[in-house]
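Worksheet: the structure to be examined is printed underneath.
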Amino acid sequence: TTVHWHGLHMKGANDMDGVVGVTQNAISPGTTFTHKFQIEESQAGTFWYHS
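The opening position of the sequence shown corresponds to residue 147 in the working numbering, with each subsequent residue numbered one higher.
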């Protein structure tokens, strides 16, 4: 599993975008992963995520 973000500019953090096998490795059951990225103050809009 991973978490995939919609509407967020992931500048410099593409590996946090959660597309398994493309930008991020899968998060195995029973393990943890901490997403770390910054969003520019100027970014506005509608955002959502899913796994």
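Every residue gets a Cβ at the ideal spot worked out from N, C-alpha and C, and that includes glycine.
Considering only residues of the same chain and omitting the five flanking positions on each side of Thr192, which have a CB-CB separation below 8 Å?
So the qualifying residues of the chain are Gly153.
Does the Cβ-Cβ distance between Gln184 and Thr148 come in under 8 Å?
In this structure, Thr148 does not lie closer than 8 Å to Gln184 by Cβ.
Start and end of the beta strand (DSSP E) containing His196?
Trp194 to His196 is the span of the beta strand (DSSP E), which, as asked, contains His196.
With C-beta atoms as the reference, is Gly164 less than 8 Å away from His150?
Cβ atoms of Gly164 and His150: closer than 8 Å.
Could you pull out every unbroken beta strand (DSSP E) segment of at least 3 residues lying fully inside the stretch 147-193, listed in chain order?
Runs of the beta strand (DSSP E) inside the stretch 147-193: 150-152.
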